[in-house]
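Novice: Take a look at this one; I'll ask things after.
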Amino acid sequence: EDLVNRLLPEYRTIVETKLNLLLTGKASHVNFRTQVKDLHGNIIWTNVDAIPYAYDLQGNVQSIFGSQKIITHEVEAEMERIKNRTEMEKAIFMREKAEEANLMKSAFLANMSHEIRTPLNAIVGFSRLITETDNASEQQEFLTIINNNSDLLLQLINDILDFAKIESGTLNYNISWVDLKDICHEVYVSQSLKMTSDVALLFHGDLLPSVRIQTDT
140 EDLVNRLLPE YRTIVETKLN LLLTGKASHV NFRTQVKDLH GNIIWTNVDA IPYAYDLQGN
200 VQSIFGSQKI ITHEVEAEME RIKNRTEMEK AIFMREKAEE ANLMKSAFLA NMSHEIRTPL
260 NAIVGFSRLI TETDNASEQQ EFLTIINNNS DLLLQLINDI LDFAKIESGT LNYNISWVDL
320 KDICHEVYVS QSLKMTSDVA LLFHGDLLPS VRIQTDT
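Residue 140 is where the sequence shown starts when you use the numbering used here, and the numbers rise one by one after that.
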């Protein structure tokens, strides 16, 4: 009764359940931790160890014998170890995430440097070709390719700037409708200059249906 009366409310049901196991003969020994108020009203941790003490003639438990050991220092030390371990695990996790982010950043910048060269090569290559032909139709076609690759180069630069915005958490999205056929054509034009004589890059725009999607542009 003394134990139950000094229990913190949140432990009352748990402790009563443990002691009832002894009273009903469902257990011959219980051991558990709980928080109680000492004689001065301070909240302390105790370890309770109890067994059946006396029985009636029918073998029913009449009373329980038990002891309480104050373990406040032990519990606080254990909690401090858990806290330190959690903080250390958190620090390790954050370090691993930082290393992963650095690897991704390096991979992104390496890929961007490669991607930037593609439209630059197209701009430089077709700029030379446009000066070597007097055919107005070819000049217009080359000019269109130059303009498209200029737009692509600008987009790549914007992507690099967006990468910095992602890190600072200030990235804004520009969602609009685009045609996948147009994207495929842009890829075809930008990559066709890189094809060697034994590799053919084909684009059959007339055979492709129009597929429009919403995406960040």
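Note that the Cβ used here is the ideal one computed from N, Cα and C, for glycine as well.
(1) Since I believe K176 is in contact with R362 (beta carbons under 8 Å), could you give me their beta-carbon distance rounded to a whole number of angstroms?
(2) Taking just the CA atoms, how far does N286 sit from F247?
(3) Label F204 either buried or exposed according to how many other C-beta atoms from any shown protein chain fall within 10 Å of its C-beta, with 16 as the threshold for buried.
(4) Quick test of the definition: if touching needs 3 or more C-beta pairs under 8 Å, does the segment 260-268 touch the segment 327-336?
(5) Are the Cβ atoms of T354 and S329 separated by less than 9 Å?
(6) From R151 to K304, what does the alpha carbon distance come to, in whole angstroms?
(7) Using the rule of at least 16 other Cβ atoms within 10 Å of the residue's Cβ for burial, across every protein chain shown, is L291 buried or exposed?
(8) Check A339 in the structure and name its three-state DSSP category.
(9) Which complete beta strand (DSSP E) runs does the segment 143-213 hold, if anything under 3 residues is left out?
Specialist: By the coordinates alone:
(1) For residue 362 there is no data in the structure shown, the boundaries of the chain being 140 and 356.
(2) Mapped onto the sequence shown, residue 247 falls at position 108. Mapped onto the sequence shown, residue 286 falls at position 147. About 25 Å.
(3) What you label residue 204 is simply residue 65 of the sequence shown in a count that begins at 1. Burial call: exposed.
(4) yes
(5) Numbered from its first residue, the sequence shown carries residue 354 at position 215. Numbered from its first residue, the sequence shown carries residue 329 at position 190. Result no, Cβ atoms of T354 and S329 do not sit closer than 9 Å.
(6) If you number the sequence shown from 1, residue 151 lands on position 12. If you number the sequence shown from 1, residue 304 lands on position 165. Each residue's alpha carbon lies about 54 Å from the other.
(7) Counted from its first residue, the sequence shown places residue 291 at position 152. The residue is buried, with at least 16 neighbouring Cβ atoms inside 10 Å.
(8) In the sequence shown, residue 339 corresponds to position 200, counting from 1. The answer is coil: DSSP assigns A339 none of H, G, I, E or B.
(9) 169-176, 182-194, 200-209
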